[in-house]
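One structure is given here, and the rest of the page talks about it.
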Amino acid sequence: MEVESMKIDNVEINEMPTTDTETVTGEIIIEEISRNHKLLHRHKLSQQKIHIGRDYHNDIILADPHVCPSHLSIELNDGQWKIIDNQTVNGSYIENIKEKKHAANEHIVQDGDVITLGKSQLRILFTDHAVEPTVAFSPFESFINLMRHPLAILLSVALFTLIAGEVFYLSTAKEVNFSQLLVPTIGMALGFALWPAGVALVSHLSKHDARVMAQLGVSFAFFNFMWLSDLFESIAAFNSAAGSLLPLVMVFISIALAFSLFWLNGYIGFHMTAKRRIVVAASITTLLFGGSYLVQYSNKPEFNPRPQYDATIMMPSFLLASSSNVDKFIEDSSKLFEKTNKAALKR
Amino acid sequence: MKVFFTLIFIVLTSSSYASEQAEQLFNQLKPSLYQIKLIDKASGEKSSIGSGFQISSDGIIATNYHVISSYALHPEKYRIEYLDSQGNKGNLSLQSVDVINDLALVKRQVDHDMQYFQLSENTPHKGEQLFSLGNPHDLGMIVVPGTYNGLKKESFNDRIHFTGSINSGMSGGPVVNKQAEVVGVNVATSGNSIGFLVPHDKLVNLYQAFLKTAPESIKAQMAEQLTDSQNKLMTAILNSPWQEKQLGKNGLIPIIDVPFIRCWGDSNADKADALILTAVANCSLDENTYLSSRFFTGSMEIEFRTMQAKDIGANKFYRLYQQQIARAGAGNRADKENVTEFQCHHDLVMPDNNAINNKAIFCTRAYKKFPDLYDVLYLSASIDKERQALVSHFTIAGISQSNALAFTRQFMEAVSWK
């Protein structure tokens, strides 16, 4: 362990010379940040000594009641910034990625250090602090721009409502009239609108742009894609025999669609790294599909006396595959007996 | 007026004569009658009760299989005990069973030759008065007079139709004629004084076979009986004429022309607001072999259904049609201990005559305790007409693989459009 930490120190020293020469100019950036490291204010100062505290003499004035009137100062000495804590009530502490939290007095400031004073936090950066590379507009940007157009939103919501109405109509065993369909259909459209609205609300609350229209447009476009993938799923199930992989592929497509929707929701509503966005979208997808699988799994009885089979049938115009003959069906079915015999031996 | 008095007189005398005779018979037979109890070893309490009667001087007692079924399947958990007319108790050992006819032979220890029931050599004639003996609901031995009404029609395995009250607990008790000879064994009731008896010749066969060679293992004996029985049944069915019959406007379905499969029909032609006009034909084999209280086998159901859309399009018709076929279930009761879960196969199938195109589903589950016996389920739904459908479906319990596949093949080829 000792050796390892030594190595890290060496690396630091190798990197240090550039920073050393730069800091001589005496320019320093002090960011006021929130507890979860969100930026509140940013100050760029070019002076030899910076005073920070609660009273109005200071260069940076903090309203935090746990901060002393003259809390600390940062001084430039021989090209290095040093923190001087003025024997404060609650003290000052340094946090950075390399060291544990410790008292800040006499600490030589390094790029990226976070100082905790009272309940406030300051991050100190030097002018040569590396910034993230420019984020290019993603190819989805044009899709989002198209979908957030009010006309596009109107069309996708209308399409969604129409399909929902059709599905309600098709699966009701009684005769139904238009007004009987209207209530559940509009209810369903409103219910689905809760998702983009909720995402927009969360991004608004977390100090991001709400972008309600973009969220609505993109979400309903994807809801419509999902109707479409449902249809393809049924067609695949209808046209394939047991054991075919095609229905499974269709399930993956619907999972991929859900993932894409959540990814885009994140892209529109929140600033985060690409990796983090993928993780968040993947987690929500897993929660959705895994959760519904878990619910099914937990409802599954220990022994099911009923057969589980795929009963999907569709009208003849959806029939694409050619049929097997009786011999083939009998031969395939005969394989089941061996399977059940194995299950019987397992107990 | 004179005629009326005569009638009353005849009725009175005959009934008093009957009760006198019943009393006499009962006293004569009482020593060979037993209550049979299954005692749960762990709790020491009885878990089921029935009746039995001695049929040999060396202590062989006949009863129903279903009275001692728990012992046959779990000999380690139970013991069988008898209670005779004097209140003596003792243990019984299981000797042989006939699951198909619901009979069992148990044996008690005897020190000296004992009195026993004579088995009749003749079948009774219709209307003959018989006496059923047994211990209903643990209330004590009773005698019930009743009438022989021939063999139950439409039954693959013979049962005597007996008009007289048989109650639970009397199962396994003998039914005797006036000469005190056993002509049947109490087995079931369908209420309102309709009772069913196992004919005495089944008991004679079982006893003769037992005297020749006693079975080595009861479970193996049961497996053999189940296999033989389904072979006999399926041979009869596969070799009987299958008559083509029209169902609805355009469906052609097979009706298996054997007396033991009975069909019923229904339709919703009277429902003016129905979106789909449906006609259903149901055929079933009126058998249910009892193996345990949670496991029955030997049943068979066949169902055909035609559907015709009335005021709806093909898309909606097929949606509703799918709901109709989505939840087929097994025809017999069975539990985890005795069967596996179903395994299913489905495919689009067109028979070689191209007369229909179906989505066909075949499911099967294996019996855990009896080799090469399965429950099978088949369901097929036509998919070649826009607004018409023909569904054919069957379930068979306790059938061998080869019989199941042979039946399925014949069935698939027999259903078509007109």
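Top to bottom, those sequences are chains A and B.
Counting from 27, one number per residue, gives the positions in the first sequence under our numbering.
Counting from 15, one number per residue, gives the positions in the second sequence under our numbering.
Think of the CB as a built atom: it goes at the ideal place given N, C-alpha and C, for glycine as much as any other residue.
{"Item": "So B/Ala-411 packs on B/Gly-345, CB below 8 angstroms; how close in whole Å?", "Value": "6 angstroms"}
{"Item": "Please state if the CB of B/Asp-152 and the CB of B/Ile-82 are separated by a distance shorter than 8 angstroms.", "Value": "no"}
{"Item": "Of all the CB atoms in chain B, is at least one closer than 8 angstroms to the CB of A/Phe-258?", "Value": "no"}
{"Item": "Interface residues of chain B around A/Glu-201 at Cβ under 7 angstroms?", "Value": "Asp-287 and Leu-289"}
{"Item": "What did DSSP end up calling B/Leu-387 once you bin it into helix, strand or coil?", "Value": "coil"}
{"Item": "Here's a check: name, in chain order, each residue in its chain whose Cβ is nearer than 6 angstroms to the Cβ of B/Phe-356, leaving out the five neighbours to either side.", "Value": "Cys-377 and Arg-379"}
{"Item": "With a 10 Å radius around its C-beta and 16 neighbouring C-beta atoms as the bar for buried, classify B/Ser-46 as buried or exposed.", "Value": "buried"}
{"Item": "Please report the residue range of the alpha helix (DSSP H) in which A/Met-239 lies.", "Value": "238 to 265"}
{"Item": "Touching or not, the stretch 134 to 143 of chain B and the stretch 244 to 251 of chain B, by the rule of three or more beta carbon pairs under 8 angstroms?", "Value": "no"}
{"Item": "Taking Cβ positions only, does B/Phe-176 come closer than 8 angstroms to chain A?", "Value": "no"}
{"Item": "Mind checking B/Trp-278: buried by the 16 CB within 10 Å criterion, or exposed?", "Value": "exposed"}
{"Item": "Strictly under 8 angstroms for the Cβ-Cβ distance: is B/Gly-343 near chain A by that measure?", "Value": "yes"}
{"Item": "With a Cβ-Cβ cutoff of 8 angstroms, do A/Leu-88 and A/Ile-76 count as a contact?", "Value": "no"}
{"Item": "Residues in its own chain within less than 6 angstroms of A/Glu-259 by CB, not counting five upstream and five downstream?", "Value": "Met-276"}
{"Item": "Show which residues of chain A have a CB atom less than 7 angstroms away from the CB atom of B/Thr-77.", "Value": "Neighbours of B/Thr-77 on chain A: none; closest Cβ ~30 angstroms, over 7 angstroms."}
{"Item": "Taking the beta carbon of A/Leu-65 as the centre, do at least 16 other beta carbons fall within 10 Å, making it buried, or is it exposed?", "Value": "exposed"}
{"Item": "My output table needs one value for A/Ile-179: the three-state DSSP class, helix, strand or coil.", "Value": "helix"}
{"Item": "Helix, strand or coil for A/Glu-125, going by three-state DSSP, please let me know.", "Value": "coil"}
{"Item": "Comparing the C-beta of A/Gln-334 with each C-beta of chain B, is any distance below 8 angstroms?", "Value": "yes"}
{"Item": "Using a threshold of 7 angstroms, is the CB atom of A/Glu-132 nearer than that to any non-hydrogen atom of the ligand ATP?", "Value": "As far as ligands go, the structure on display features none, and thus does not contain the ligand ATP."}
{"Item": "In three-state terms, what does DSSP make of A/Tyr-5?", "Value": "Outside the displayed span of chain A (27 to 373) sits residue 5 of chain A, for which this structure offers no information."}
{"Item": "Taking all protein chains shown into account, do 16 or more other C-beta atoms lie within 10 angstroms of the C-beta of A/Glu-364, making it buried, or fewer, making it exposed?", "Value": "exposed"}
{"Item": "By the three-class DSSP mapping on this structure, what secondary structure does A/Pro-273 have?", "Value": "helix"}
{"Item": "Out of curiosity, what's the CA-to-CA distance linking B/Asn-171 and B/Ser-207?", "Value": "21 angstroms"}
{"Item": "Which residues does DSSP list as the beta-bridge partners of B/His-433?", "Value": "In the structure as shown, chain B begins at 15 and stops at 432. Residue 433 of chain B is therefore absent and cannot be evaluated."}
{"Item": "Is A/Val-277 close to chain B? Criterion is C-beta to C-beta, closer than 8 angstroms.", "Value": "no"}
{"Item": "Is B/Ile-275 near B/Ser-298, with beta carbons less than 8 angstroms apart?", "Value": "yes"}
{"Item": "By alpha-carbon positions, which one of B/Gly-101, B/Ile-156 and B/Asn-115 ends up nearest to B/Tyr-79?", "Value": "B/Asn-115"}
{"Item": "B/Pro-188 by DSSP, collapsed to three states: which one?", "Value": "strand"}
{"Item": "If B/His-360 and B/Ile-339 are in contact, beta carbons under 8 angstroms, what's the gap, nearest whole angstrom?", "Value": "The pair is not a contact, with the Cβ atoms about 11 angstroms apart (cut-off 8 angstroms)."}
{"Item": "B/Ala-395 bridges to which residues according to DSSP?", "Value": "B/Lys-373 and B/Val-405"}
{"Item": "Less than 6 angstroms between C-beta atoms, sequence neighbours within five positions excluded: which residues of the same chain meet that for A/Arg-237?", "Value": "Ile-294"}
{"Item": "Whose CA, out of B/Met-128, B/Glu-90, B/Glu-351 and B/Glu-238, lies closest to the CA of B/Ser-110?", "Value": "B/Glu-238"}
{"Item": "Are the Cβ atoms of A/Ile-100 and A/Val-135 separated by less than 8 angstroms?", "Value": "yes"}
{"Item": "Which residue marks the beginning of the alpha helix (DSSP H) containing B/Tyr-221, and which one marks its end?", "Value": "214 to 226"}
{"Item": "Alpha carbon to alpha carbon, how far is A/Pro-331 from B/Ser-185?", "Value": "29 angstroms"}
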